[in-house]
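In the numbering used here, the protein residues as written are 3 to 254. Here is the structure we will look at, set down as structure tokens.
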């Protein structure tokens with residue numbers, strides 16, 4: 003036997019196993035993070051073709067995620083495998099889109115989470131302070147905050163500003179001081195108070211990839227429309243989490 007070669011091979015194997023171990027430990031046990039598309043590609047470069055069917059994502063249970071429909075034709079939020087799709091009608095109002103086996107997403111981030119730890123929020127938290135609060139609670143819960151992870155907030159929300167995309171991103175248009183064509187104007191709303199669930203992804207230093215500039219969060223709101231009784235979802239821009247809400251983080 004060529005012992006030097008054998009020993010060298012063992013060393014190489016150790017490096018590979020070490021790398022694999024590091025990759026597996028980057029996320030909580032039981033969570034598998036997935037991403038389809040990057041913001042700068044889908045929004046900036048208009049590469050907004052369908053990348054994956056929602057039906058494929060939810061074949062495995064306990065998926066949570068946020069994203070946009072193909073062609074940026076609406077918002078998508080998945081809560082424990084249940085998909086809610088909201089789009090803008092030609093009259094500018096919202097409608098809930100029925101999920102079909104062919105419905106696809108152009109941009110989606112999320113993960114499969116089987117167990118959650120609960121963290122009560124005793125005080126009101128603005129969206130400006132939510133970044134640091136989630137990072138702090140995640141660290142204390144033992145999560146690796148350098149790796150993206152999913153979170154959920156249940157409760158009441160105040161001063162909510164959200165939009166539903168309609169072919170072009172209003173946040174990008176505002177930053178670039180561009181006017182959107184009439185047929186690409188989003189639905190935008192301010193809600194003084196609403197009860198529901200917030201599904202989000204926390205990702206540090208991921209602007210242009212997972213998040214918009216200036217934040218480490220990509221968040222969607224799920225709520226019941228008072229008039230129609232249908233579930234709606236939208237991309238959150240600002241909000242205040244009311245006291246008494248609960249933050250859910252992946253169980254380590």
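Backbone N, C-alpha and C fix where the C-beta goes; we use that ideal spot for every residue, glycine too.
CA-CA distance, residue 158 and residue 60? One-based indexing of the chain shown puts residue 158 at position 156. One-based indexing of the chain shown puts residue 60 at position 58. One C-alpha to the other measures close to 27 Å.
Helix, strand or coil: which one does DSSP assign to residue 198? Residue numbering aside, residue 198 sits at position 196 when the chain shown is read from its first letter. The three-state reading of DSSP puts residue 198 in strand, counting E and B together.
Residue 155 classed as buried or exposed, judged by whether at least 16 other C-beta atoms fall within 10 angstroms: What you label residue 155 is simply residue 153 of the chain shown in a count that begins at 1. Looking at its Cβ environment, which holds 16 or more other Cβ atoms inside 10 Å, residue 155 is buried.
May I ask which residues mark the beginning and end of the beta strand (DSSP E) holding residue 155? Position 153 of the chain shown, counted from the first residue, corresponds to residue 155. Run containing residue 155: 151-166, per the beta strand (DSSP E) assignment.
Apart from the five residues on each side of it in sequence, which residues of its chain come closer than 7 Å, Cβ to Cβ, to residue 36? Counting from 1 along the chain shown, the entry for residue 36 is found at position 34. Same-chain partners within the cutoff: 112, 113.
So is residue 78 buried or exposed if we call it buried at 16+ other beta carbons inside 10 Å? Along the chain shown, one-based indexing puts residue 78 at 76. Counting Cβ neighbours within 10 Å, residue 78 comes out buried, since at least 16 surround it.
Can you say whether residue 88 is buried or exposed, counting buried as having 16 or more other CB atoms within 10 angstroms of its CB? On the chain shown, residue 88 is found 86 positions in, with the first residue counted as 1. Under this definition residue 88 is a buried residue.
Do residue 38 and residue 135 have their C-beta atoms closer together than 7 Å? Here the question's residue 38 lines up with position 36 in the chain shown. Here the question's residue 135 lines up with position 133 in the chain shown. No, Cβ-Cβ distance for residue 38 and residue 135 is not below 7 Å.
Taking residue 254 and residue 149 to be in contact with their CB atoms under 8 Å, please state how far apart those CB atoms are, rounded to whole angstroms. As a position in the chain shown, residue 254 is number 252, starting the count at 1. As a position in the chain shown, residue 149 is number 147, starting the count at 1. Their Cβ separation, rounded to whole angstroms, is 12 Å, which puts residue 254 and residue 149 out of contact at 8 Å.
Is DSSP giving residue 232 helix, strand or coil here? Indexing the chain shown from 1 puts residue 232 at position 230. In this structure, residue 232 counts as coil in the three-state DSSP scheme.
Is the Cβ-Cβ distance between residue 177 and residue 200 less than 7 Å? The residue labelled residue 177 in the question sits at position 175 within the chain shown. The residue labelled residue 200 in the question sits at position 198 within the chain shown. The Cβ atoms of residue 177 and residue 200 lie no closer than 7 Å to each other.
C-alpha gap between residue 195 and residue 145, whole angstroms: By 1-based counting over the chain shown, the position of residue 195 is 193. By 1-based counting over the chain shown, the position of residue 145 is 143. Residue 195 and residue 145: Cα-Cα distance of roughly 31 Å.
8 Å CB neighbourhood of residue 25 in its chain, flanking five on each side removed: On the chain shown, residue 25 is found 23 positions in, with the first residue counted as 1. With a pLDDT of only 34 at residue 25, under 50, the local geometry of the prediction cannot be trusted, and no value is derived from it.
Option nearest residue 152 by Cα separation, candidates 57, 137, 160: Residue 152 sits at position 150 when you count from the first residue of the chain shown. Nearest C-alpha to residue 152: 137.
Of the residues 228, 236, 210, the one placed nearest residue 41, counting alpha carbons only: Against the chain shown, residue 41 aligns to sequence position 39. When only C-alpha atoms are compared, the closest one is 210.
So, are the CB atoms of residue 238 and residue 167 less than 7 Å apart? Translated into the one-based positions of the chain shown, residue 238 becomes position 236. Translated into the one-based positions of the chain shown, residue 167 becomes position 165. No, the pair does not count as a contact, with Cβ atoms beyond the cut-off.
Considering Cα atoms alone, identify which of 190, 192, 171, 191 is closest to residue 182. For the purposes of this step, residue 182 is taken as residue 180 along the chain shown, with counting starting at 1. Per the Cα distances, 171.
Whole angstroms is fine: what's the gap from residue 102's alpha carbon to residue 86's? Taking the first residue of the chain shown as 1, we reach residue 102 at position 100. Taking the first residue of the chain shown as 1, we reach residue 86 at position 84. Cα-Cα distance, rounded: 12 Å.
Could you check whether residue 241 and residue 129 sit closer than 7 Å to each other, using their CB atoms as the reference points? As a first step, residue 129 must be located in the chain shown, where it is residue number 127. As a first step, residue 241 must be located in the chain shown, where it is residue number 239. Taking 7 Å as the Cβ cut-off, residue 129 and residue 241 qualify as a contacting pair.
Identify the continuous beta strand (DSSP E) that holds residue 80 and give its terminal residues. Numbered from 1 along the chain shown, position 78 holds the residue referred to as residue 80. 77-81 is the span of the beta strand (DSSP E), which, as asked, contains residue 80.
If you count every other CB in all the chains shown that lies within 10 Å of the CB of residue 28, and 16 or more means buried, which is it? In the chain shown, counting from the first residue as 1, residue 28 sits at position 26. The predicted model places residue 28 with a pLDDT of 37, which falls under 50 and marks its position as unreliable; any figure quoted below should be read in that light. Exposed, since its Cβ has fewer than 16 Cβ neighbours within 10 Å.
DSSP three-state label for residue 122, please. In the chain shown, the residue the question calls residue 122 occupies position 120. Note: residue 122 maps to strand in three-state DSSP.
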